[in-house]
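In the numbering used here, the protein residues as written are 6 to 122.
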């Protein structure tokens, strides 16, 4: 069972930056996609950013130009650099890794990001 461990969350002032990391417990599995989602109470979990094995990235409109997703494929680690943070970015952030075969999604436990003055 692959486990994911997230780190880097915390409290930051508006306009500040944070870098989230998510590392997998195994490095010898074939991954075709890594992503970050976020969720606030009472709302559905939403995709923030994703990166494919080929390096193609996708971003939610609300974070384009502010957030950058990157990965270290050899270590199955995914990062989310968050700049110019806004109060509306406050949420629990989850990483997800999709195994190629058998197709399996693994989720991290989540890390809280709070943007407040």
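Cβ atoms here follow ideal geometry from the backbone N, Cα and C, with glycine treated the same way.
- Under DSSP, residue 51 forms a beta bridge with 43.
- Beta-carbon to beta-carbon, residue 28 and residue 109 are separated by about 17 Å, too far to satisfy the 8 Å threshold.
- For residue 11 and residue 45, the gap between their C-alpha atoms comes out near 17 Å.
- Cβ atoms of residue 90 and residue 22 come within 8 Å of each other, at about 7 Å.
- One thing to note: residue 92 has its Cβ within 9 Å of the Cβ of residue 19.
- By the neighbour-count criterion, in which 16 or more other beta carbons inside 10 Å mark a residue as buried, residue 41 falls on the buried side.
- Residue range 116-120 is occupied by the beta strand (DSSP E) that includes residue 119.
- A distance below 7 Å between beta-carbons, with the five flanking residues on each side excluded, links residue 73 to the following residues of its chain, in chain order: 86.
- With fewer than 16 other CB atoms across the displayed protein chains lying within 10 angstroms of its CB, residue 79 is exposed.
- Relative to residue 9, the option among 16, 102 and 122 whose CA is nearest is 102.
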